Structure formats: structure tokens, C-alpha cells
Ligand SMILES: Cc1ncc(C[n+]2csc(CCOP(=O)(O)OP(=O)(O)O)c2C)c(N)n1
Ligand SMILES: Cc1ncc(C[n+]2csc(CCOP(=O)(O)OP(=O)(O)O)c2C)c(N)n1
Ligand code: SF4
Ligand code: SF4
Ligand SMILES: [Mg+2]
Ligand SMILES: [Mg+2]
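Protein chains in written order, with the UniProt record's numbering: chain F, 1 to 582; chain R, 1 to 582; chain X, 1 to 168; chain P, 1 to 282; chain V, 1 to 282.
Here you go:
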């Protein structure tokens, strides 16, 4: 899979509008038939802070960032030192720099990229009401070959509400930018022609995809407390839940939001909330109640840099520990993670289905990189399953809410049903739900709650496994960085380095038999994850018997793991001697 | 170590006063020179519920419950089915039953114990103002040979405030009970004579011991929210903190109590709070702040049955997961566990010392069994160390609160110190404390916070290791059940089954080198813990390379693990074939 | 004001029913607290109230009784008179206390009926009330007899050396 | 507002006893909570609400044990979180009658924030607080309604030194639409208040002075202290405040019956998921 | 109460600038919080408090970024928990002057319970709430002080439908000893209020109407709405309530200056640990 993709970073601060320009660029490329991905890097200011739009466009579907940026357009260099490390360049990179912004900072020149000076600001000034970001947009669009008509159309749509004057001014800037693109000719890898025009494609962010998956899974109640980078899940759900007959309540805090969800779910309505690390920390007591009272609920944790308030705007996969182990007592529950932006739809839908089917809480570990990035992708094919909760029918007599059943799941009575009233309880209880301190009841209920999860057939969705069946090397990973691993494996394969991919969607409970099968024949394993303490590796060690030689590639946020790093790690593993386990 | 100990259960309900009788018995035995242990099993009623005083007396120090009860005195049988399983009997057991309470319940007769009927109530009625619990007390005291004068003295002291009439009445009942002991003669193993009279001994509960350890360690601030079974730590601290110049504040909830502790600690005052599972769940966000802002604090979690509200009055070791892994982000911190009631003093003191020295949170995992049991023991020899926090001196200029140092610990400025003002932050920050989203700062600070803990020499206190250096079998455990393991190993050794004991006091961070040494020569390992999902085993797998053959003995509460079960498990391990790992 | 037979019987039925239910409630409470002697007594009292209730119901056969919300009854006090108050019990109470509490409630019941018997303008109601009052009087005498068997306990009857339990 | 009319005159289908479960309370004999249980069942019988249409949510505490003793749908949740659970339930299932019960510790200490915001949200539910000015279940510590000089707790052996809060003032300020106080020693009055609370639209707060005979035996004396001063409710917020400014904590009756719009999420059910998906299409 | 006299007349040692740090605020230009920062430094200079004797605790939010912009000891804690952190600090270190700062979301939404109990505890500290009736930092959602019909948030596109809370009423009810309102557009008045708040014993609440120019640009109009009605504080709780019942949310000045005893733990320091150990000895 060799991409003829192009990766572009546009930086600018103080309302320069690079995010909007980037957005228009992706939109236009999409319309013209390319695939694309746009992430972002933002400063701490609410408005007018330094920001970078991070794009990748390609004729093939693409959800992974590339190793380096091919083109860096600096509308200005404000605070570049704060995020320069997030913008890896190489010798082929073309930097477009505006001379009035001063010389290119030394730290951007370390890889000896080619610098082309373009007086963006001056060009903008040359047209009335000129906009520097539109100049940059025009320049980039022209340089990579986006048809002028398409970009003009997108611009006009996006700025539609602002009135004809603004549109006209912006178009003028755009055209000026396009003209200024000439000096770039020959300096930039050409973007291969689009292939997907007319195909059924979506433009969607991971957070939107999560919201959609939730609704598809049957969620009709949400209680919300905003937190970066999860807020967009909630914001997308607010109007859309209403449209499909559901309800969203803004809660006073996360203690309230999780417990409101439990209330809604107790009422028979599939419920979900979204948060990030600090909010998840506040929800664990409520999640424990969901375990003990067997109340289905889904919590989406869009992970950000931790610990504590950490780095709210940057991605990291460091909430794995709390998600799997963060509840007090023996509290079996389910933890899932989407494997890409697109997969947020499926995994959210599946998570709701699992919660409802197993009558337990599910924590879905999304992350900032997936949640706040927009991808242009083929419309995903999605299963039609949705929430099915085993319900108790109206009955006379002795309804046992927590009856001991073969698979551990007991029919749940929904308020309104006659003859099956009961009291849900977080205290240990008898099968009927009566509080009990007896050893026997405790053991039975602990067994039952565990059995519900371990005896269930999660099917092949537990992980995505691909690659040669005879490989003796595998890469195991989870979450949205799977896309980088995929790309790395494709590249490695081209160099003759074959390895299996095991991308785990179901992080808890463990699936030992499935893992044995997945690891069949594997002698060397590379664990890839984005956190400081190799939490995934530690989880794997605890849950599974791993091959004799295990390497890990782990790094905290905010730097994205790049495909070439994974290829390198894989190369090292291939060379490593199985006797000197790392 | 063969005990000639005697184990006694006294059951009774509705204000029968068996707990007080049990307490008097331990007190008297203690005065007379025996050692002892008293636990309890209680019903869900606040007053007048069924209860059992669970005693063990011995001429040797004893902190483990025995396998069976030698004597069961039933003042009545109210709701015995609820806790019968907590009262293991054997064929040698003597049951004293009062015929007016009806026949001995069948479920107490399964092991064919000897039943002796004694009309306790009638005897009590035969003396004016007679008290049935005092009759039972007299009976037991006489049967096991506690000197009459001692028990009379204790009774008079305890009831002192109630006035001479009550004392006289109680003494009369006591004597009547003593006389009624005659039929027991020959039926009960005699308690070997005391050995410790005159020795420096204490009578103390685990929760009191924890409070004392906290003060010894230097704690001078506590914020408290009551919760069973941790409340007594707080209740002991309330007046005693004041006496030594400290302060206790009752908080509105656990979110407040942990954050108040952070405030106190930020002010330079070593701070601690105590809670149980549900409260700990509410504290994890605050603990994450402690990690990121490097604010020392100690949280004692007196574990009870989980998940959720669970079984508040019963012991379990199921908060290990949340204690070690329950914080969001990469949040290295310390987790300790006392190995016995006596060890609560040391471990609490050590925990304070570690928190202060490492500027991080420490979670100390005590449990209900240790916390709410009283032991008569030799006065522990205790180190004199106490909190030492590396402080910044008054300075001019560029104070860096989070300076990168070799061992990771940076001098902390205490408010009031001139020239070193700074802002503590839960946001990722530069060495100076300025919020930063930079990859470099994040990596540096993550490294530093981890280094503080991993590069520290915890000394031999990390675990208690004993037993033959050439053993090829070991038992590894943590927490207060260590006492049962100790006794089991002593017994096993008598039968020629030798194994090493590794009782881990430091549960996080991992001590790989120390563990390698501890496991030196060990081919077979038995992991013993009191929870449903073998959390300790899973933690050990994640952190350490374990011997080829590992068995686990784990069971949730409320049933105490008994020494003979451990001996049996050890026997099975000895027999097991190393090739068929379990 | 109670003036008609249906009104009177509605009161009598509720009075006896609530009395029986309360005795049962108290018996349940003491059962949970293992106070068997008192449980037995309260069960007995509940039984007697239920006998009365049956009588009142018999008398009401064929009549349409008015509906009152609990707070609309014309009790001398806001609460139905022959109901032992919730806080008159203690887990360590003895049969003596139980009998005193029962006697007091019967006395209130008696007073209620007696007042109607003496003040109600409706002669039929008067007669019925007098009959009910007489029965209550009998109960009171019965209770007084029992009480002789259960002299007041010593002053330490409530003593419980065991501390209360913290259950959560 | 409840859909069942409050003045049912027909032959009752549900007697008070029909709202009780088989489980016997673990409360101390003499505890005021018994009487709240009995009053609740009377109130429900008065309203003739089918038990399966009523949900009773509680937190943790002696008082919070209530649900299991009824034949309603119950949720005995966690300490301090009864109101959010109930809020979610009512928002998701507006057809149900939602009741909430708990103690002063549960509601005003750990649950204080939810109390504030539930009053403010004014969602249609009835909150019954059994106030004994103590944490009964954990052996008698001071709660937010405990007087500053109460020295009965080992945690605050010199008294808390801080003033008790005024829950009714806070409810009134925050926006609760129906506010009443009653006393467990008068179960019929408690029943009446619960009945009126259920029938009132929006958030109804009923503070029940409910003695803890074990840790606050002196509360048996409440009998002599209560005085039914608020026999006519006021509908004006200002007037209600004035009432409270003269309150000694023992006036009973309906303090306030307001006119605030209850929170009522309105799903519009106009689009299908396929419609929503279309918006992502290029 | 502060130990430093409030009427320093000597030549000032500390200028307002001495209370500022080198760190430049990330606030949007035009944000009201700038002016609170400046007012705070003026107030401290007026009081001539040595910076190292003052600690400023905050939660999370735009407003909560304040501490790092000062040269005081600061604790930028977590969302909603500034008051407990400050309470612990003051209880453990009564010698320090403790200030708390934050937003309406931090203080009244997630932090509502601590607000209630901090007022009640009435410990000696000064709480400055920069109220912009919005969650600024998370892109503009409704806060507890947002009007029910504000449709500017994507989370509540039809408005919240619930009434705003009245933080001053709650503070007054709960027991705060000093309560004032001021407006960021009048930094000298803000400085005066802060000064008086610090000097008042017990818990002081200062609500600063502090426009969020980004998400509530209409708040620039506060200028025209505020009116300094509370120029003389009242000391009677009832009178203060009456004032509030007529409040339109824009009256500024000192509402109330009370007489409640501040919470003051009193360590007695009479025993050694060895003494305590003796009690365990047989
Ligand atoms: C998170 C958490 N903290 C503390 C507790 C312990 N706890 C249980 S009930 C209770 C107080 C109950 O007081 P209140 O609500 O007044 O009820 P009461 O028992 O007086 O009826 C406490 C502190 C708990 N269960 N969970
Ligand atoms: C536990 C937790 N939940 C949510 C957030 C996200 N968050 C940060 S600031 C904030 C609201 C801030 O509003 P306010 O306190 O009014 O401050 P402002 O920004 O308006 O000054 C929220 C919801 C968080 N940091 N932590
Ligand atoms: S402790 Fe108090 S509140 Fe709890 S049941 Fe007993 S009397 Fe009631
Ligand atoms: S978003 Fe609003 S509150 Fe935040 S800094 Fe900008 S103007 Fe101020
Ligand atoms: Mg209470
Ligand atoms: Mg705000």
C-alpha cells in the first residue's frame, strides 16, 4: 500500500483562520474525489491562539497521519516552539514562509527542508478585504492540484451566511493565492488523481461518529457535562438525540451525569455519556453501582494527556488502567476501544449492544486524535444490531431480579411492568435483591456478574486480526493508533518484513482462547501504545501468556506515533535475539 | 509454632452484650499474661442485631484466627444462618447452648460437635439483676482458666461508671456462670499458662494502630468523612490529633476530604485521611492532582466487601486494583499494605514518611479484619523516622518548583517562605510550574514523577521475607491475611513442608530486583489473597516474572481464609507437576 | 363531627385496622431485633384489634362508607387514637413496657368511643360507640391483669453494653 | 404533575399495605423512619397509584433503606446520588411517578450539590428527606442540620462549631416548587404532605423531622416542639422567605407552593437515524 | 480576620505590580478576568500583604487560571475543588491569608456542594467568583447562572429551560459572613470589595460580574446594567434577604457583613505521642 498522499500543515495564530482554511481544503479535496484526514494542534488560548491544521490527502482511504509533512505553510510562526515537535519535517518538505514573519525559525530547519518565501500577507493586502488564510488556501490548493472550481464552491458554501461581500473578498484572496503557487511547481510530490468521486463517502469526526454509533445502538438518553476533548460527542448528541425521540440533560457535574444515566437506564432507556479522564475519575463510584445493580450504561472516555488536568487538548492513551481497573471491589465490566475514526461508529454501537445485553457498564476508550480529527472516508458498512436487553415480563409472584442463570444474565424488569417490582441495589444481595451479608450470596452474585462477561461470545469483533497466517512476528495495539500500525505493517511488508496485526477492540474482559489463536505461531511480539508507562503491555502480561520475546513501543502524548517509527521498532524486533527478552 | 491457643465464639443478639463480654474476656486474659485477638461478626441492625465475638487466646503472640472454634457459647441463636459459615466448627468443638433458646440449629451440628446445655438465662435470672452475658463470661473464663480475680477486676473497671449496684449484680452473674462451668471440665483443651505477664504489651485495634502510626509519622492534619469500617481511624484521630497540636476537619464528602488534605499538605502540614472503597472511588481525581502537583498525602483505605456499597461490615482485599491502577493518566504513586494489626502502626508511619519524602500520594490498604479487630500483643518496636519533606529555602530569583533532579524529587516551597512563591498545578507544566502542552515538558515531568518512585531505595521494608533460604516453594501474599499465612507456614513446616513467605508491604511501585532476589530458587509459588478475581496474582503477573508454577488461593469475603486451607493449598502445590501450570 | 353510622364505622374500621397494622409493624421491628417476648405480645394485640376490625366490618356490611383521606378523619388528635406511637418502643423493651403502651392505646381508643357515645347526636351511633367503648374497657382490664404478671423491670432494662454498630 | 387525580373517591384498589414489601426494616425500633414508610404507603393508597407506576430512588443511610420496604420499583443507589438517579429516570421516563427518599447526610452533605441543582431544575418529582440531624447509619456523626454545639459525635467531640444549614431556604432560593415540613410523629400529616407533594408539579421537597432514637434520643422531644404554623401555603417567593426568616425549624405544613415551570425535555422524534447519517454524506 | 491592619498609611513596600508574575494570561483580549487580576493586585498592595503570606487557590476554568498570573503562592487545582483545597490550607495554616478564585461553573455547578459548605463553615477566607454565566474554557455552555432562554450553547440549543441560581442568597442562607457583588468593568470597586472581603472575618464571597467577550459578547453591556445600590452593608440577615428579594442581579456593593463566628479549629498541644501510646499499654 504505497500512498501517493500529501501531508500538509498550516500554522498561524491570532485568528489567522488556518483551521477554517484547512477544513475547506479537506472539503474541496473530498468533493473532488480524494480521501483525507484533518487533525489539529492548538495552543492554550480560547481564541486567537497559535494553531496548526494537520492534513493528509490521498486517492486511497487514509486515517493515519504520515511520517512527515510534505508541505508546511506558515501564515506566521507564533509560538512555533510550543508545537514544532508535533510537525516532523524531512529534507523533501517544502516550507512556505512569509518574509514579513521573519526568518524561518532555526528549529524548523533542522532537517534542511526547502524554504520558499511567499509574501502571503502582502498578497492578501493587495486585494480589498483580503484574507491571508484564503491566500494560503489558494496557494496550497493550486500547488497540490485541487480543481479551482471545487475549492471556490466550498468557499462559497462555507461562507454563505456571511454575505456576498465576504465571499467575493475571500475568492479574490483565494485566486491571488493560487497565482502565487507557481514557484512551488516541481518542488512538491504531485498528489495522485482522485479515485473516489461519486463513491458513497462521509466526512466525519471521531466524536461525531461516536454519537452516531450511540444512536444506532439504541441510546435514547444522555446526561452531559462538558469536557475537552469529549464535548463534541455531547454537542452532536444534544440536537440529534432529540430528533430521534430521546433526551439529553446537562448535568451539574460528572457524578450527576453518570448517575442520571443509571436512572435513565433503570427506566429501560439505553443511556450513554461521554467524558475524559478527570470526568471518568469522578464516575467510577457510579460505574461500580452499575456493576452491582446490573444497570447497563456506556461511558465514552475521549482520552487526553494525563495525569490530572494534564494536557486537555492533546491525545494520549493513558486511561487504560483506570478504565480496566479503576472500580473498587471485584467489579467486572467491559472496556472497548475504537480502532479508527470510522470505527468509532461501530465500536460505539457495539458498546451499547454489549452494555444492554450484559446489563453492565461499558467504558469505550476513544481519544483526542480520533475524536477531534475529521476524516473523509468510505461510508462504513455497519451491522444492524442494536440494544437488546433481556426483559422480565409482567408476572405474578416471586420475581427474582438477580436470579442465578446459566449465562449470568437475569431478566430485568422495567418500571411500569406489573408484578415484577423490585429494588435495584448496590449492596450485596440475594437473587431477589434483598440486601445480604452472607458469604454464599456474595460468592453467587460475584460469580454471576463475572460469568455474564466471561461466558459471552463476543464474536470476531473482539479484535481485528490481519496479516500472514504464517507470520512469526505480530504487532499488538489498541485504539486509534491502529491506523498508524496498519500503515506501518503495509510498508514493512513491502520491504519483506511480514507481521501479523492484532488490534484489540475488547480490552476487558480478557479473551484467553481467542488470544491464544491470535498469537498462534508468533514468537515475537511488538506492543504499540501511546502512553508513558506501557499500560497496555502490562495489561497483556496480566491477562495473557505472551510470546517469549516482547518489545514495546510506547510514548506519551502529544506526539503522534508515526508509521516509520513502528516500522523501525518492528525491524529491531526482527533482529532481536529471542533469548534476550526485553 | 504449635499454639496451645483456644478459639471462642460468643453469639447473641438484641443487646445481649456478647461483644462486651468478649472484650472483657480478652482484657482479663491479657492482664493475666496471655495474648489474644478479638474480631467480630455483626448483623445489619444498628442496635440489637445478631452479633458474634470471635476470640482467640494464647500464651504466644497471635494475630491470626485459627481454623475452627473450640468453644461456641450461644447466648441465643438469632439469625445464626446469616453468619454460621463464618463460624467453622470441628468434632472437638464444644457448643454451650441454652435450652430455652431451642435446640441447636442443625447447621451448627454438621461437624458433630459436642453440645452441652447450660441454662444461661435461668442462671442469670437466679440472681437479682442478673445478666446473661456475664453468666456466659464467667462460664468461659472458668472453663479456660482465667483467674477469677482478674476477670472480676476487669469487670469492675469496665462497668465502673455504671455504679456499685450494676457491678455487684454483674459480679453475681459472673460467679454464677463460673460455677456453671463445671460440666465443661474435661471437654475443652486447656489453655496453656500465660507467659507474658509483666511484659510490655498493648491492646490495640488495627484502626487505632493506623491512627497512631499516622501521628508518629508526623501527620498533623486530617479531613474526614465517615464510612465503615474506616470511621474509627478518624474517630481516634479527632481528639488525639488535637492533643498533639494538629487539626481534624469533618468534610462534606470525600471529594472535599481528599482535597482538603491536599490543601493542608500544600501548606506544609503532613496530611492523611481514611476511607473505604466507595470513598476511595471519589478520591481518585484528587489523588491524580496530588500526583501531578506533587503534593504528599496519605489515604488509608480500610477495605470492605465490594463492589459498590457491597458488604460494608465485612472484610475483603478487593480494592487492590483501584488502589494501584485507579488514577487516570500515567499517575505513578505508592500503595502499601500493613501485614497485621500490629503492623498498621509501622505501615501507616512508613506511608506518611514515603508520601513526604517522595512528594506523592500513598494509598495504604488496610482491611476490616485488621481495622476492627483488637489484638493483645507485644509492644511493637518502632522506628523513629518521620516525615521529611525536601523543602525549598527562602530564595531570590528563579525558584523551580518542578526542577528536574537526579532522583526526581524537587525542593518544595512552603507558603510563608519568601522568594519561592509558585503555583502548584495539575496541568502539565514546565519545571517552573508554568502550564505547558509541550511534548518535551510532558515527557520530562512524566519521567521525573516516575523516577521519584522507582529510583528510591525502599529498603527491606518493601516486604517481609522469611523461611528457609533453600526452599523451592514460596507463598506470596499481602495485607492482614499475612498472619494466617504465617501460621500456615509454621504448621506446614512441622509436617516437613517448607516454604518461603513473601509478604509484600509495598504493592506499588514494583521492586523487580528485590523480587528476583525474593524468588531466588523458587520453582513453585502460591499466591494467597482475599478477593474474587485474584487481583494480586494479576498484579504480580503484570509486574514480575514469576516462577514456572503458580497456584492461587483466593476467595472473596466475608469468610476469613483459615490457616489449614493455606496448608492444604501448599500441599497441593508441592504435589503439582511443574509442567502443568495452573 | 361524626354524626352518621357510616361515618362512625369508617372511623371505627380505620381505627382498628391501623391499630392492628401498627401492632404488627412493631412486632416485626422487634422480631428483627430478637426481642421474642415482646413480639409475641404485640402479635396478640394485633390479633385482638383484628377481631374488632372484623366486628366493625360486619356492622358495615351493606352500607356505603365515606372515604376519608388519612388526615381528614375526626380523631381527637391528628392520628388514629388506638395506634401505639412509633417511638414508644425500644429494642430492649420488656413485656411490661409493651403492655403499658398497649394499655395506653386502648385507653385512647376507649376515650374516643366514649366521647362519641356521650356527645354524638345520633342515637344509633351513640349505641354503637358505647358498645365499642365497652369492649375497649374490657381490653384495658385484660391488659391490667396481664401487667400483674409483668412487674416493671429493674432500672437497667435498657442497658446494652455493646456499642451501636456502624453498618455502612 | 401526577396524572392521577388527587381526590380519588372510588373504592380503593390499593390499600396502604399493598405498597409494602415482605422485607422487614432493619431500623431501630422507635426510629421515625418507620412512620415515614407507613405515611408513604398511606399517601400512595390515597392517590391510588399502581405500584408499578411509581419508582422510589434513594441513596445510602438508614433512611435510604426505604425502597426495599415498599412494593414499588426501587433503586437503592449510592451515598448522595439519589437525586441524579431520579432525575435521569424521570427525564427518560416522564410517565412514571418518581419519588426520592433519604437522610440529611445523604441529601445535604455529600448530596448537597445535587440537591441545589435538583431544586433548580425543578423536574417533577418528590423528595422526602428524613432529617434526624445525624448520620445514623455510621454511628452518629454530625450532619449539616446538626446544631454546632452537639457533642455526641466522636468526630467532633467539642461540637462542630458550625451553624446548621437551612434546607428549606436553599430549596426556596434554588427554585423548588413545593416545599413542606412535617414530623414523623404525625404520620397522617406526613402522608398529607407527601400526597400534596406528589400532586404538585415540579420539584417537591418534604423535610420530615424523623427522630433517631439511637444517636439523638433527645429527639423524642420533637413532639413537644413542632407547631403546625404553615397551615396555608404561600405562593409568593418573598412571603415564603419571610416565613423562613422567622422559622425555628419546627414549624410544619406547606411552606410554599410555587409556579415555576418544571423542566421537561421535549423529544421531537422527527428524524430517523438514516436522516442523520445523510448529513455526513459528501 | 486578617492580621494586617487594613488602613496601612506607611510608605508601601509592595506595589500592585509586585503581586504579578511573569506569565502572560491566555485570556481573550477584552475578557473581564484581566481586570479582576489587576484589581486583586491593587487590593493586596493596599493591604501590604507580603506575597508569600498569601495563598490563592483556584479550580479549572478561564478564571481559575488566575493564580499563575500572580506572585502569590498558588494552587491551580481541579475543576470544582478550589474551596476544599483552600479550606484544608487555612485549617492547617491559619497564619496565611487564603484567597480562592474561580468561575461560575467551577464554583456553582461542579463545585456547588463545597460552596454551600464553605459558606456554612465560615472559615476565614475570601472567595472571588468571576461570574460570566457561561463555561468559557470549554467553549461556551450554560452555567448555573445562565438565564433559561440563552440559546448560545450547542448542548442546550433551545436554552436550558431552568432558572439561574442566586448565589448570594445561597451564601447568605448558608452562613457566609461577608457578601458583595461588583463588576469587572470597575476595577477599583473590585479592588475595594476584595480588600474589604479579606479584612472581614470568616468566609467572604465576592461575586464579580466578569464579561466573557467570546461566548457572551452581549455582556459588554453589563456596564449599562450595573447600579451600585448596596453602598451601605447591612448586618442583619433578614434585611439582607429583603435586599436580595428585590435584586435584579446587577446591584453592586457590600450586601451583607455578618457576625457569625468563623470556624477555627483549636489544637491544644497538650500531649506527646508517648502519652498517647501509654493508653494502649496494659
Ligand atoms: C461515598 C460514601 N461515603 C460514605 C459512606 C458511609 N455512609 C453511609 S450512610 C452515611 C450517612 C447517612 O446519614 P443520613 O443520610 O443522614 O442517613 P441516616 O442514617 O441518618 O438516616 C455515610 C456517611 C458511603 N456509604 N459512601
Ligand atoms: C472533572 C472535570 N470536568 C470537566 C472539566 C472541563 N471544564 C474545564 S473548565 C470548565 C468550565 C469552566 O467554567 P467556569 O468555571 O465558569 O470558568 P470560565 O471558563 O467561564 O471562567 C469545564 C466544564 C474538567 N476540567 N474537569
Ligand atoms: S440509627 Fe437512628 S436513624 Fe438509624 S435506624 Fe436507628 S434510630 Fe433510625
Ligand atoms: S472565553 Fe470568555 S472567559 Fe474565557 S478568556 Fe475568553 S473571554 Fe474570558
Ligand atoms: Mg440522618
Ligand atoms: Mg464562567
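Each residue gets a CB set at the ideal place from its N, CA and C atoms; glycine is no exception.
Predicted, not measured: the structure shown is a model, and the values here were computed from it.
Applying the criterion that 16 or more other CB atoms from any shown protein chain within 10 Å of the CB defines a buried residue, is residue 253 of chain R buried or exposed?
buried
Mind checking whether residue 181 of chain F and residue 137 of chain F have CB atoms under 7 Å apart?
no
Residues in the stretch 163-179 of chain P with C-beta within 7 Å of chain V's C-beta atoms, listed in sequence order?
163, 165, 166, 169, 170, 173, 174, 175
Give the DSSP-derived three-state secondary structure of residue 222 of chain R in the structure shown.
strand
Hey, is the stretch 351-361 of chain R in contact with the stretch 470-487 of chain R, meaning 3+ C-beta pairs nearer than 8 Å?
no
What whole-angstrom Cβ distance do residue 113 of chain P and residue 112 of chain V have, given they're in contact under 8 Å?
4 Å
Just to confirm, does residue 46 of chain F get its C-beta within under 6 Å of one of the non-hydrogen atoms of ligand 4?
yes
Determine the contact status of residue 528 of chain R and residue 566 of chain R, defining contact as a CB-CB distance below 7 Å.
yes
Can you grab the Cα-Cα spacing for the pair residue 153 of chain P / residue 142 of chain P, in whole Å?
7 Å
Measuring alpha carbon to alpha carbon, tell me which residue in F/311, F/382, F/408, F/403 is nearest residue 559 of chain F.
F/311
Residue range of the unbroken beta strand (DSSP E) whose run includes residue 327 of chain V
No answer is possible for residue 327 of chain V: it lies beyond the span of chain V, which begins at 1 and ends at 282.
So is the beta-carbon of residue 31 of chain V under 6 Å away from any non-hydrogen atom of ligand 2?
no
Would you mind reading off the limits of the beta strand (DSSP E) that contains residue 36 of chain X?
From DSSP, residue 36 of chain X is part of no beta strand (DSSP E) but of the alpha helix (DSSP H) over 36-60.
C-alpha gap between residue 106 of chain R and residue 168 of chain X, whole angstroms
31 Å
Hey, does residue 21 of chain V have any beta-carbon neighbour from chain F nearer than 7 Å?
no
Buried or exposed: which applies to residue 201 of chain R, given that a residue is buried once 16 or more other Cβ atoms fall within 10 Å of its Cβ?
buried
Taking Cβ positions only, does residue 215 of chain P come closer than 7 Å to chain F?
no
Output needed for residue 101 of chain R: all residues of its chain with C-beta closer than 7 Å, excluding positions within five of it in sequence on either side, in chain order.
74, 76, 77
According to DSSP, residue 178 of chain P sits in a beta bridge with which residue or residues?
P/204, P/257
Output needed in chain order: residues of the stretch 30-57 of chain R with a Cβ under 9 Å from some Cβ in chain P.
43, 44, 45, 46, 47, 48, 49
Using a Cβ-Cβ cutoff of less than 8 Å, which residues in the same chain neighbour residue 113 of chain R once the five nearest sequence positions on both sides are dropped?
72, 89, 90, 91, 92, 93, 94, 95
With a threshold of 8 Å, are at least 3 pairs of Cβ atoms found where one atom belongs to the stretch 414-434 of chain R and the other to the stretch 68-76 of chain V?
yes
Taking residue 137 of chain P as the query, report the chain X residues whose CB atoms sit under 9 Å from its CB, ordered along the chain.
166, 167, 168
For residue 275 of chain F and chain V, any beta-carbon pair shorter than 7 Å?
no
Establish whether the CB of residue 452 of chain F and some CB of chain R are separated by less than 7 Å.
no
Any chance you could list the beta strand (DSSP E) runs of at least 3 consecutive residues sitting entirely within the stretch 521-573 of chain F, in chain order?
524-529, 549-554
Leaving aside the five residues before and after residue 436 of chain F along the sequence, list all residues of the same chain whose C-beta is less than 7 Å from its C-beta, in chain order.
428, 429, 430
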